[in-house]
Each structure stands twice: as structure tokens, then as C-alpha cells.
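Visitor:
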Amino acid sequence: METVTRSTPPPVLERSEVFLIGSLRVEGLEASYGGRQILKGITMDIPAGAVTAVIGPSGCGKSTFVRCLNRLHEVVPGARVSGRVLLEGQDIYAPGVDPVVVRRRIGMVFQRPNPFPTMTIYQNVAAGLRVNGWDRRRTAEAVERSLRMAALWDEVKDRLHQPATGLSGGQQQRLCIARALAVEPDVLLMDEPTSALDPVSTLKIEELLIELRQRFTLVVVTHNMQQAARVADRTAFLLDGELVEFGPTAELFTMPRDRRTEDYITGRFG
Amino acid sequence: MNAEARRLRWRRLASALALAGAAASTALALVPLISTVYFVLTRGLPALNLAFLTQLPRPVGETGGGVANAIVGSLVVVGLASLVSVPIGVGAGIYLSEFGRNRLGSLVRFVADVLTGVPSIVVGIFIYITVVLTMKRFSALAGGLALAVIMVPVVTRTTEEMLRLVPVTLREAGLALGAPYWRVVTGIVLRSARGGIITGIMLAIARVAGETAPLLLTSLSNNFWHRGITDQIATLPVIIFSYATTPYEDLNAKAWAASLVLLAMVLTMSLLARLFTGGRRVVWRR
Chain A
98 METVTRSTPP PVLERSEVFL IGSLRVEGLE ASYGGRQILK GITMDIPAGA
148 VTAVIGPSGC GKSTFVRCLN RLHEVVPGAR VSGRVLLEGQ DIYAPGVDPV
198 VVRRRIGMVF QRPNPFPTMT IYQNVAAGLR VNGWDRRRTA EAVERSLRMA
248 ALWDEVKDRL HQPATGLSGG QQQRLCIARA LAVEPDVLLM DEPTSALDPV
298 STLKIEELLI ELRQRFTLVV VTHNMQQAAR VADRTAFLLD GELVEFGPTA
348 ELFTMPRDRR TEDYITGRFG
Chain B
-14 MNAEARRLRW RRLASALALA GAAASTALAL VPLISTVYFV LTRGLPALNL
36 AFLTQLPRPV GETGGGVANA IVGSLVVVGL ASLVSVPIGV GAGIYLSEFG
86 RNRLGSLVRF VADVLTGVPS IVVGIFIYIT VVLTMKRFSA LAGGLALAVI
136 MVPVVTRTTE EMLRLVPVTL REAGLALGAP YWRVVTGIVL RSARGGIITG
186 IMLAIARVAG ETAPLLLTSL SNNFWHRGIT DQIATLPVII FSYATTPYED
236 LNAKAWAASL VLLAMVLTMS LLARLFTGGR RVVWRR
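Chains as they are written, first to last, in our numbering: chain A, 98 to 367; chain B, -14 to 271.
1) Output the distance between the C-alpha atoms of A/Ile203 and A/Pro214, rounded to the nearest integer angstrom.
2) Give me the residue from A/Leu249, A/Arg245, A/Leu244, A/Tyr219 with the minimum Cα distance to A/Arg233.
3) What do you reckon, are the CB atoms on B/Ser244 and B/Val93 nearer than 7 Å?
4) When you compare the CB of A/Phe162 with every CB in chain E, is at least one pair closer than 7 Å?
5) Between A/Thr332 and A/Ala147, is the Cβ-Cβ spacing less than 7 Å?
6) Got a sec: which bits of the region 77 to 91 of chain B sit with their beta carbon under 8 Å from any beta carbon on chain A, in order along the chain?
7) If we require 4 or more residues per run, which alpha helix (DSSP H) segments fall completely within the region 147 to 228 of chain B?
8) A/Leu169 touches chain B at which residues, Cβ-Cβ below 9 Å?
9) Say whether chain B places a C-beta atom closer than 7 Å to the C-beta of A/Phe313.
10) Report the residues of the region 173 to 188 of chain B with a CB closer than 8 Å to any CB of chain A, ordered along the chain.
11) Got a sec, what are the start and stop residues for the beta strand (DSSP E) A/Tyr361 sits in?
12) Pull up the distance between the alpha-carbon of B/Pro222 and that of B/Glu145, whole angstroms please.
13) Short check: CB of A/Gly153 to CB of A/Phe334, under 7 Å?
14) Out of A/Gly230, A/Val316, A/Leu226, which one is the CA nearest neighbour of A/Ala275?
15) Name the chain A residues that come within less than 7 Å of B/Thr154, Cβ to Cβ?
16) Between which two residues does the alpha helix (DSSP H) harbouring B/Leu65 extend?
17) For B/Thr231, which three-state DSSP category applies?
18) Thinking just about the alpha-carbon of each residue, which of B/Ala97, B/Ser20, B/Ala189, B/Gly128 is nearest to the one in B/Gly213?
19) Run through DSSP, which three-state label would B/Leu296 get?
20) In chain B, what lies closer than 8 Å to A/Gly138 by C-beta?
21) Looking at the unbroken beta strand (DSSP E) that takes in A/Lys137, where does it start and where does it end?
22) Indicate whether the contact test is met: 3 or more Cβ pairs, each with one atom in the region 308 to 317 of chain A and one in the region 273 to 289 of chain A, closer than 8 Å.
23) Could you pull out every residue in the same chain whose Cβ sits closer than 7 Å to the Cβ of B/Leu65, ignoring the five residues on either side in sequence?
24) According to DSSP, which residues form a beta bridge with A/Phe334?
25) Apart from the five residues on each side of it in sequence, which residues of its chain come closer than 7 Å, Cβ to Cβ, to B/Ala240?
26) Nearest CA to the CA of B/Ile218: which residue from B/Ser59, B/Leu2, B/Gly49?
27) What is the DSSP secondary structure of A/Gln268, counted as helix, strand or coil?
28) Just verifying my parser: in three-state terms, what is the DSSP assignment at B/Ser105?
29) Look at the alpha carbon of B/Val274 and the alpha carbon of B/Leu188, and state the distance between them as a whole number of angstroms.
30) Mark A/His258 as exposed unless 16 or more other C-beta atoms lie within 10 angstroms of its C-beta, in which case mark it buried.
31) Taking buried to mean at least 16 other C-beta atoms within 10 Å of its own C-beta, is B/Pro169 buried or exposed?
32) Could you have a look at A/Gln259 and say whether DSSP puts it in helix, strand or coil?
33) Would you verify that the beta carbon of A/Thr236 is, or is not, closer than 7 Å to some beta carbon of chain B?
34) Under three-state DSSP, which class holds A/Leu169?
35) Name the residue from A/Asn321, A/Glu281, A/Leu272, A/Cys273 whose alpha carbon lies nearest to the alpha carbon of A/Pro370.
36) Could you check whether the Cβ of A/Gly225 sits closer than 7 Å to any Cβ belonging to chain B?
And the structure:
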């Protein structure tokens, strides 16, 4: 991992310490939706350059949790967030921080593949670049680079200008990953990225995760414990909006410290 | 015959009766539609020729001549109406769909729905008082404004409905790419709903192209090429109205032919509208 010596200072805070690119720290994160509290004070360090899995039964708040990490939760009417999320030591919820800037650095892939239906494969990957005013040549390079990173290039290079909706579900999801990677984020959040996919596509995405972790901080929500065990360096177990346990994946699955974790991973509930 | 079989027979009979009833209703519903098209075609076609489409009207009593000025006039007035109403309607639709989850939004929505139901003659009187009397003349502009007033609420609500059909996941995907909200709306939401919005506009145009009452009070008519948009202008519906109410057979026949032309124009718009949605149906409210 390289350490940060960034030439451009961050937009809000002066940086006094040195942080790893893409390191996240969550402090006392609470979130509610329509008056119902979903996250009840979560504090954890998400290491840079690793895969962190978030597991837990349905409705435990894992989706809300990752949606708070790129300030997407607050977009929904009736949603509230409090607490701090520090990206490289800098609170993304500090007053004056533009959520748009946050989301350029913290990308997201959703549960169901959601390519833009009116756009071609190429346009989909380039969608986030046009916004940032990239020129044609740089965009073309970034599109190819992103599609290669998402392990999709060989499958689509001859039909870049065909509609994205013609791809299979698994390809569409990798397209969405390429689209998120194209804007060069440092953190990539994934909300159950394989839950709508068949086993072969799932395997491809998991392989991709393991490859990508060298370059990005990855946070993967999954309801599939085997998936967490396969891809994650560290795993967090959420239950009822609380962080029950968080540690190295192997440890969490083999010698959980909390009784509830043990019950969950042995399949006693959830 | 046991009870089971009797019941089955009764059910089959009931089913056949219900089917026959539904089919008969459908046939009845189609009678006025088909007969309208049939009459317009059979009465209109004989009077339709190239001169009818390209020449100016002749004085009463003379045969020949055409309604070229009214065809152009209809295009001008409807064009003016679209020029005014499409930007306003689409803009308001975007507001309602993206930012209208509040009291102002509900109010605008309610007003738009009420406006949609206002009889077109009332719109005509409104423009007559506000525009025609102020300018002290009937004009194409006044006609266009009257049709625009009718179109705006329709375009607004169609745009809103179409934008609402764009799934939340697409908006979130755009936001997650670090796009500002206005870019998400213009680049992704509007783009995804483009076909539906264009269809809505086309249908609104097709609808107002046949409006007569408001035009009688605003753009009136004339027998010549129009001289600018601040002048009276002939339009197909008004020509049809005035020709059909004369006692002259020749003019009556011309009214049928003009109806045919108008019908063809409106049908073309509707067909084009379908093209843009790839045959998908769009809710049409009015």
C-alpha cells in the first residue's frame, strides 16, 4: 500500500496525520428512516486495500450501513443520519462537505444490476466521466481500463456501442462495477452484488473482488456467509442495527467471541 | 345427468354468453369510430386533389381552389402552441416529479388536473379577453396561446408520469457516480424517459390540432396567406366549421376533404408518437 502524500489538499479539513488512501473510520453512526432507528451507533475501522464483508440477517441494517458510507441514505425522503464517517481522517458528514464530492471518491455497486438502459455499453462506463468533463481520448482510455479491471473487456470489446441491456445479468453487474471504477474511486461499496446472479457469474464477481482489493478499499454487504468467508479479509456482523462483532474473517467464523455471532454463523437464526 | 355435469354445462353457457356480450359491446363501441372514418374517407376523397392542398380558397360560387392557407395556418398555430407549451410543460413536469413532494407540488398537480378539465371554449374566452382585446386584433399568436394553455397541463402531467416511471435505482446509480443531482436529472432520468415524454407531447399536439372553439375566438380565419403571427390566420378546424355550416354543396364537400386532411395529420402524429415508444402505451388523460 502506498501512503498518502496528496498534492491537492482535501476540500475541508487540513490533514495533520497520514492516512492510507481509502481508509475509512466510522464513529457512532446512527441512521433512521421515517422515525424508525435502523443503525444504533456503529463504530469501526475499515482498513484500506482489503475486502471488508458486512453480514447479518435481513433487516439488520447492512444495506443502510453502506448507503451511509457514501451519503446515499440521506437521499431517500425521511432518512436521517448522525455520527461521523472519516475518509482518510476527514468527516464526510462535516458541514460544508458536498455529498457529490464524497461519492466521487466512494463508489457503489447495487444489489440488482442497474445499467442505464438508454445508453450503450461504452456510454454506461463513460457516464460518470462526462460529468467530470473528461475529454474524448482520456474517456476512451478510462473506459477500456475500467472494463479490463472489471474483467469484461474481452466479452464486450466488439460491441461497445450496443445497448447495455443486451448483456446477461452477470455481465451487466460487471458493467456496473466498471462504471463505478471508471471515476477512479478509492473506496468501492457493494450492496449484495451477487444476490441477483447465477453461481457462475457470482464466482466471476468474487474473483474480481479478490483482484480489486489491491487497489481499492472494498466493503461488501452479503447475506451469504460462504461468500464472506471466500472473499473477505475482515468481516463485520450486524444485528438489529448494532455491530456485534468485527474481526478477521477466519477468526470470526472459527472462533466467534460473541454468542450471537456463533448462533448466526451456525445457522440458528437469520 | 348428474349435478356436476349440469353445473359444468351451465358454466360453459354462462362463459359463452359473457364472451358474446363483451364482443357485442366492443363491436358497438367501434361503430361510431369506423363510421366516422368511413364517412370522412368516402365524402372527403372525391373533393381531395392536388389543387385542394396547394391553392388558396376561391370566392363563394366559384369552383376549385383549396385550403392550403388553412393547412399552413394549422401548422403555424400548433407550432406556436408547442413552442410555448413544451418548455413550460416539460419544465413543470420535471419540477413535479423531482422536487414536487411538498405542498406546492400537490397544489401544482391539482391545478394542472383542474386545467386539464377546463372546456376549451373557456380557454378561448380567456385568451380572447386577455390577448385579443388587449392587442385589439385576432391573431395567430392568440390562437397559439389558447392551444398552449390547453397543452401545458397535459404535457406537465405526462412528463411527470414518465419521469416517475424511471426507477429509483437508476437515479441512485447516477448519484453514486458522483454526479450532481441536476446532471442525474438531465443526463439519466430525462434521457430514460425521453420516448414517453415525446409521445406525450405528440399526443397533446394531436389533441389540440382539432380544437375549434378556442380558435374561433382567437385566430379567427381568413381567405389568404397569413401575414405574420399578429394577423388573423385560417386553420383547418375553423375552415371545416365555416364550410360545413354554409348551404353551398361545393363548400360542404370541401369541409369533408379538409376533415380528411386534418384526420390524416392527427393520425400521422399519433403513429409517430407510437414509434417513439416502440409501441408501448402511454396513459392519456383528459
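Glycine is no exception: its CB is placed at the ideal position from the N, C-alpha and C atoms. Quantities reported herein were computed from a predicted structural model and do not represent experimental measurements.
Guide: By the coordinates alone:
1) 23 Å
2) A/Tyr219
3) Their beta carbons are not under 7 Å apart, which means B/Ser244 does not touch B/Val93 by this criterion.
4) Absent from the structure is chain E; the protein chains it does hold are A and B.
5) no
6) Arg86
7) 153 to 161, 175 to 194, 198 to 201
8) What A/Leu169 touches in chain B: Glu157, Leu160, Ala161.
9) no
10) Ile173, Arg176, Ser177, Arg179
11) Counting along the chain, A/Tyr361 falls outside any beta strand (DSSP E), though it belongs to the alpha helix (DSSP H) covering 356 to 362.
12) 30 Å
13) yes
14) A/Leu226
15) Phe207, Arg209, Asn211
16) 53 to 79
17) coil
18) B/Gly128
19) The structure shown does not extend to residue 296 of chain B, since chain B is modelled only from -14 to 271, so the question has no answer here.
20) Near A/Gly138 there are no residues of chain B at all, since even the closest Cβ is about 25 Å away, more than 8 Å.
21) DSSP places A/Lys137 in the uninterrupted beta strand (DSSP E) bounded by 133 to 143.
22) yes
23) Ala125, Leu126, Gly129, Ile214
24) A/Ile152, A/Glu342
25) Ile225, Tyr228, Ala229
26) B/Ser59
27) DSSP places A/Gln268 within a helical segment (H, G or I) once states are collapsed to three.
28) Of the three classes helix, strand and coil, the one that applies to B/Ser105 here is helix, per DSSP.
29) An answer regarding residue 274 of chain B cannot be provided, because it is not within the stretch -14 to 271 covered by chain B.
30) exposed
31) Going by the sequence as given, residue 169 of chain B is Val instead of Pro. Answer is buried; the Cβ neighbour count reaches 16.
32) coil
33) no
34) coil
35) In the structure displayed, chain A extends from 98 to 367; residue 370 of chain A sits before or after that span and is not available.
36) yes
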